[in-house]
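Read in order, the letters of the sequence shown correspond to residues 5 to 147 in the working numbering.
C-beta atoms are modelled at their ideal positions from N, C-alpha and C, and glycine is treated no differently.
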Amino acid sequence: MSTTFRISESAGRRLAERAAREGTSSIALLSRLIREEFDQLDHPGIIFRGPITDRRAALAAGPDVWEVVARLEELDGPVERRIAVLSQQSDLHSRKIELAVAYARDHGSEIVERIVRNREAAEEIRRGVWASSTSQGARSRPV
5 MSTTFRISES
15 AGRRLAERAA
25 REGTSSIALL
35 SRLIREEFDQ
45 LDHPGIIFRG
55 PITDRRAALA
65 AGPDVWEVVA
75 RLEELDGPVE
85 RRIAVLSQQS
95 DLHSRKIELA
105 VAYARDHGSE
115 IVERIVRNRE
125 AAEEIRRGVW
135 ASSTSQGARS
145 RPV
């Protein structure tokens, strides 16, 4: 969708400067800022953090949304029960957990993708540590 609009000279200058610092175009930056702002308006309490190449939704003064959802997936029972258990096990109020769940419902593929990427990275680390420890163990055996 192509849209034309005018922004003030100072806003245009700030946009161009920020885009240059982030190594992106003004249009790409503006598009990201608009998407993130609408998500923040739709989900008050959600912020975005991380570098331009890896932005992620998070609870303000809390963990990333995907981390909350991943932990909920590890628990048993209906979602309300899992929220209560997670709230008891962590310092997160149940309303913050519910906010993360609501955001995840609206952005399911984004959250699932990040959970999968994290699990794959953890598995790679486990395999690497295991391979490293077994190869070190093999070298340390007497001949």
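Nearest-angstrom Cα separation, counted from D58 out to E124: 16 Å
field: Pairwise C-alpha distance: G49 and L19
entry: 25 Å
- prompt: Expressed to the nearest angstrom, what Euclidean distance is found between the alpha-carbon atoms of L33 and A23?
  reply: 6 Å
task: Counting only the same chain and skipping the five closest in sequence on each side, list residues whose C-beta sits under 8 Å from that of R118.
output: R60, D68 and W70
query: If V105 sits next to V83, beta carbons under 8 Å apart, how far is it from one beta carbon to the other, in whole angstroms?
result: 7 Å
task: Report the residue from G66, L45, F42 and D46 whose alpha carbon sits nearest the alpha carbon of R53.
output: G66
- request: Put R143 into one of helix, strand or coil per three-state DSSP.
  value: The predicted model places R143 with a pLDDT of 48, which falls under 50 and marks its position as unreliable; any figure quoted below should be read in that light. Three-state DSSP puts R143 in a helix.
message: Once DSSP output is grouped into helix, strand and coil, what is the label at R53?
response: strand
- request: Give the DSSP-derived three-state secondary structure of A108 in the structure shown.
  value: helix
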